[in-house]
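Enquirer:
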Amino acid sequence: MIKFDQVSKRYAGGKEALSGINLELADAEMAFLTGHSGAGKSTLMKLIIMMERPSQGQVFVDGANLNRLGRRDIPGIRRNVGVVFQNHQLLFDRTVYDNVALPLTIAGYQSREIGRRVRAALSKVGLESKEKQFPVALSGGEQQRVGIARAVVNKPLLLLADEPTGNLDPELSQEIMNLFSQFNQVGVTVMIATHDLDLVRKMGHRQIVLSKGRLVA
Amino acid sequence: MSGATNRTTPPRTVTRPRPKSTGASAHSLGMLGKMGAYLKHHRQVGFETLRNLFSTLLTSLMTWMVIGIALALPAMLYILLTNLGNLGGEWDGKPRLSLYLKAGTSEKAGIALSENLFSDPDVAMASYITSDSALAEFQKNSGFEDVLASLPNNPLPAVIEIELEALSPAETKLKVTQVESWPEVESISVDLEWIERLFVILALGERFVMALSMFLGLGVLLSIGNTIRLAIENRRAEIEVVKLVGGTDGFVRRPFLYLGFWYGLGGAVGAWLMVQASLLFLSEPIERLLLSYQEEFTLIGLGASETAVLLGIGCILGVLGAALAVGRHLHRIEPQ
Chain A
2 MIKFDQVSKR YAGGKEALSG INLELADAEM AFLTGHSGAG KSTLMKLIIM
52 MERPSQGQVF VDGANLNRLG RRDIPGIRRN VGVVFQNHQL LFDRTVYDNV
102 ALPLTIAGYQ SREIGRRVRA ALSKVGLESK EKQFPVALSG GEQQRVGIAR
152 AVVNKPLLLL ADEPTGNLDP ELSQEIMNLF SQFNQVGVTV MIATHDLDLV
202 RKMGHRQIVL SKGRLVA
Chain B
1273 MSGATNRTTP PRTVTRPRPK STGASAHSLG MLGKMGAYLK HHRQVGFETL
1323 RNLFSTLLTS LMTWMVIGIA LALPAMLYIL LTNLGNLGGE WDGKPRLSLY
1373 LKAGTSEKAG IALSENLFSD PDVAMASYIT SDSALAEFQK NSGFEDVLAS
1423 LPNNPLPAVI EIELEALSPA ETKLKVTQVE SWPEVESISV DLEWIERLFV
1473 ILALGERFVM ALSMFLGLGV LLSIGNTIRL AIENRRAEIE VVKLVGGTDG
1523 FVRRPFLYLG FWYGLGGAVG AWLMVQASLL FLSEPIERLL LSYQEEFTLI
1573 GLGASETAVL LGIGCILGVL GAALAVGRHL HRIEPQ
């Protein structure tokens, strides 16, 4: 699903965020991406959804060489990848329903299909009763679950999460991780960047460790 | 992981293996359905943008007013020009002369003179106006009845008004000098010159209106562009999220283009209202003024086609201004 081939990323100013990364993630695999702050976890994820471009090397997602894709191809790639952020990236002036529906609206689904899928995604994260509420009215954990619902509503093949439990207490974190695990069990490739080593150990999936921009495990 | 086996029996909510494609959700979306959804989205965005404008009515009204004033000014000047053109247009290319006869010329001599003139093939029309009827008419139209009545005798001369056949300016001049030399003629006034001047002035005015319109149009463009820039800035977070979940540039651009469209259209409607209100306010005194020059005149406002042009220009400027702002600012906003 994901393949990094000798990928380096150097930011303007000379800081090398990633150097010589070789990495492969099989279809329907689940992996945790760990390492200190600044080890390059976020950069690695940004390369997958083309928020950044590699300085060297090649990134493949679902067989497509991202180097060969232009600006116009970015939306297509992103529609097939669900992304969950630590800060949720929700739109606070829209209801939970509208937030989750956003990827489908963008992809041009008809409203009946949108309704069906949004409700399915919300029920999957246990928020079916909150669709009319605004994100402000929700707790941190609920907001994060809305973010997850939005990430999976388009039925992506790949789910990326950048510190999805960063602000949550251990119990909630566990819940969120279980949710990711469930998606993985039905065939979604999942990669989660996290600090939470205890949780990683408990979940027992593959661990990818970055240190100072290099792959160490 | 056991994912590979699981993928063969996917449950309802999550994923199934798809053909490899970077295109948008190829499944279950026929071309027709996609087109329908696209048009529906246009409609939705259009209405939503308009609704948002009305929900911040005061701000929107101010923007509409600014644009409206900028559009109303050239529209008013345009109306002024067309009306002046009409005023001159009633002149059919046939020069008119007024021959003021010397005091003491008898009515009989005057009539004979006018008949004599009429027999000239170059003269299309000649009519004799006695000094009494000239006075009566002047009294009626000028509002100076009292002053005129207090005069001991009629100060107005008898006049022969003639209309020449359409002659070249040189021929006209020749005719004028010829007639001027007649002993009964005190002086002669040719209304040719003021018409020629009027047309030159109108041509000048047209250029002026065009130049002014261009500047004001540029102003509208910039003010809409700036308003849209602020709107983009206000919705930065939303733009980032939309781009993050796969929104195309077109999708991101759409609401702003509609916003520009509504600003332009609203501004044009405002301009139309301002123009029509001003005309209502002005028409009565203008018509009265022109009546005193013996002109039957109706002030012509914006007709259907002119209104359509005004609205069209507003919309075009709105969308164009928005497109400029969007082109300049939207690609800078990328998810961080």
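Heads up: the protein sequence lines correspond to chains A and B, in order. Numbers given in the working numbering equal positions in the first sequence, counted from 1, plus 1. Numbers given in the working numbering equal positions in the second sequence, counted from 1, plus 1272. Note that the Cβ used here is the ideal one computed from N, Cα and C, for glycine as well.
1) Can you check whether the C-beta of Q144(A) is within less than 7 Å of a C-beta belonging to chain B?
2) The beta strand (DSSP E) spanning M1397(B) covers which residue range?
3) Assign K4(A) to one of three DSSP states: helix, strand, or coil.
4) What does the Cβ neighbour count give for T1335(B), buried or exposed, with the cut at 16 atoms within 10 Å?
5) If you measure from the beta carbon of Y1310(B) to each beta carbon in chain A, is any gap under 7 Å?
6) I need the boundaries of the alpha helix (DSSP H) containing I107(A), first residue and last residue.
7) Is D199(A) buried or exposed, if buried means 16 or more other CB atoms sit within 10 Å of its CB?
8) Among A1398(B), G1497(B) and A1375(B), whose alpha-carbon lies nearest the alpha-carbon of P1367(B)?
9) Quick one: is F1533(B) buried, meaning 16 or more other Cβ sit within 10 Å of its Cβ, or exposed?
10) Considering only the alpha carbon of each residue, which of A1580(B), V1514(B), I1585(B) and L1596(B) lies closest to P1607(B)?
11) Could you give the DSSP three-state label for F1319(B): helix, strand or coil?
12) Listed from N- to C-terminal order along the chain, which residues in the stretch 106-121 of chain A have their beta-carbon within a distance smaller than 8 Å of any beta-carbon of chain B?
13) Taking the alpha-carbon of R1604(B) as reference, which of R1323(B), L1474(B), L1329(B) and R1525(B) has the nearest alpha-carbon?
14) Going along the chain, which residues of its own chain have a beta-carbon closer than 8 Å to the beta-carbon of L1345(B), five neighbours each way excluded?
15) Measure the CB-CB distance between V201(A) and F5(A) and report whether it falls below 7 Å.
16) Report the rounded CA-to-CA distance for V62(A) versus M2(A), giving the unit in angstroms.
17) Where does the unbroken alpha helix (DSSP H) through I78(A) begin, and where does it stop?
18) Going by alpha carbons, who is nearest to L1551(B) out of R1469(B), G1586(B), I1351(B) and G1599(B)?
19) Residues bridged to M192(A) by DSSP?
20) Output yes if chain A places a C-beta closer than 7 Å to the C-beta of G1519(B); else output no.
21) Alpha carbon to alpha carbon, how far is L1428(B) from G1584(B)?
22) Over what stretch of residues does the beta strand (DSSP E) that includes N134(A) continue unbroken?
23) How many angstroms separate the CA atom of R60(A) from the CA atom of N66(A)?
24) Along chain A, in chain order, which residues have C-beta atoms closer than 7 Å to that of A1516(B)?
25) Indicate whether at least one CB of chain A lies closer than 7 Å to the CB of P1527(B).
26) With burial defined as no fewer than 16 other Cβ atoms inside 10 Å of the residue's Cβ, what is the status of F86(A): buried or exposed?
27) Relative to the alpha-carbon of V101(A), which residue among N68(A), R69(A), I75(A) and Q145(A) has its alpha-carbon at the smallest distance?
28) Find the nearest neighbour of Q208(A) within the set R72(A), M192(A) and D170(A), judged by alpha-carbon distance.
29) At which residue ranges does the stretch 1493-1520 of chain B contain complete alpha helix (DSSP H) runs of 4 or more residues, listed in the order of the chain?
30) Can you give the Cα-Cα distance for E1456(B) and E1435(B), rounded to whole angstroms?
31) Between V1451(B) and A1475(B), what straight-line distance do the alpha-carbon atoms span, to the nearest angstrom?
32) Can you tell me where the beta strand (DSSP E) with I1572(B) in it begins and where it stops?
33) So which residues on chain A does E1505(B) lean against when the C-beta distance must stay under 8 Å?
34) Have a look at L1562(B), F1528(B), A1580(B) and G1519(B) and flag the residue whose alpha-carbon is nearest the alpha-carbon of A1540(B).
35) Cβ of Y1535(B) within 7 Å of Cβ of G1590(B)?
36) Just confirm the distance between the C-beta atoms of V1431(B) and L1371(B), as a whole number of angstroms; I'd bet it's less than 8 Å.
Expert: So, to answer that:
1) Judged by the 7 Å Cβ criterion, Q144(A) is not in contact with chain B.
2) Segment V1395 to I1401, the beta strand (DSSP E) holding M1397(B).
3) When secondary structure is reduced to three states using DSSP, K4(A) falls in the strand class.
4) It is buried - the Cβ of T1335(B) has at least 16 other Cβ atoms within 10 Å.
5) It does: the Cβ of Y1310(B) has a partner Cβ on chain A nearer than 7 Å.
6) From DSSP, the alpha helix (DSSP H) with I107(A) extends over V97 to A108.
7) D199(A) comes out exposed.
8) Measuring from the Cα of P1367(B), the nearest candidate turns out to be A1398(B).
9) The residue is buried, with at least 16 neighbouring Cβ atoms inside 10 Å.
10) It is V1514(B).
11) Annotated three-state conformation of F1319(B) is helix, per DSSP.
12) Per Cβ criterion, the list reads T106, I107, A108, G109, Y110, Q111, S112, E114 and A121.
13) For R1604(B), the closest of R1323(B), L1474(B), L1329(B) and R1525(B) by C-alpha to C-alpha distance is R1525(B).
14) When the five nearest sequence neighbours on each side are left out, the beta carbons in the same chain lying within less than 8 Å of the beta carbon of L1345(B) are those of L1484 and L1488, in order along the chain.
15) Not in contact: V201(A) and F5(A) (Cβ atoms no closer than 7 Å).
16) About 6 Å.
17) Per DSSP, I78(A) belongs to the alpha helix (DSSP H) from I75 to R80.
18) The candidate whose alpha carbon is nearest that of L1551(B) is I1351(B).
19) Bridge partners of M192(A): A32(A) and L161(A).
20) Chain A contact via Cβ: present.
21) Taking the CA atoms as reference points, L1428(B) sits about 53 Å from G1584(B).
22) The residue you asked about is not Asn; residue 134(A) is Gln in the sequence shown. For Q134(A), there is no enclosing beta strand (DSSP E), as DSSP marks it with neither H nor E.
23) A small correction: the amino acid at residue 60(A) is Val; Arg does not occupy that position in the sequence shown. Answer to the nearest angstrom: the Cα atoms are 6 Å apart.
24) Going by the sequence as given, residue 1516(B) is Leu instead of Ala. Residues of chain A passing the Cβ test: R79, V84 and Q90.
25) It does not; no Cβ of chain A falls within 7 Å.
26) Around the beta carbon of F86(A), 16 or more other beta carbons lie within 10 angstroms, which makes this residue buried.
27) Here the closest residue by C-alpha is Q145(A).
28) Residue M192(A) is the option with its Cα nearest to Q208(A).
29) You should have 1508-1516.
30) C-alpha separation (whole angstroms): 18 Å.
31) Cα atoms of V1451(B) and A1475(B): separation of roughly 32 Å, rounded to the nearest angstrom.
32) First-last for I1572(B): undefined, no H or E at that position.
33) Result: empty, since nearest Cβ-Cβ is about 15 Å, beyond 8 Å.
34) Nearest C-alpha to A1540(B): A1580(B).
35) Remark: C-beta atoms of Y1535(B) and G1590(B) approach each other more closely than 7 Å.
36) Contact between V1431(B) and L1371(B) holds, since their C-beta atoms are separated by about 7 Å, short of 8 Å.
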